[in-house]
Amino acid sequence: MTATLNINNQMEVRRMGLQALNEALGPVGMVRFIQQYESGLGDYTVEKYQKSDFTVEEVDIMLKNKNER
């Protein structure tokens, strides 16, 4: 049985969309699909210039520490 959808009701569209994704992909597939459209937080274009660059020595220390684990 096909349910009718009131496209003017955002909550109903979301509910039926999630239901369709769950039926087609299963719960894990549905979550993976939705994660593709997450935009994340912050403003990368601003933040990339605010971080200080690492020196070669600092990178060397970080790599050595990572390899010791």
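The numbers in our numbering rise by one with no breaks, and the one at position 27 of the sequence shown is 64. Where a beta carbon is used, it is the ideal one built from N, C-alpha and C, also for glycine.
{"Query": "Helix, strand or coil at residue 73 [DSSP, three-state]", "Result": "coil"}
{"Query": "For residue 106, three-class secondary structure by DSSP", "Result": "coil"}
{"Query": "Close Cβ partners of residue 42 (< 8 Å) along its chain, the five nearest in sequence each way excluded", "Result": "49, 50 and 53"}
{"Query": "Residue 92 - containing alpha helix (DSSP H), residue span", "Result": "Segment: none, residue 92 is in no alpha helix (DSSP H) and carries neither H nor E."}
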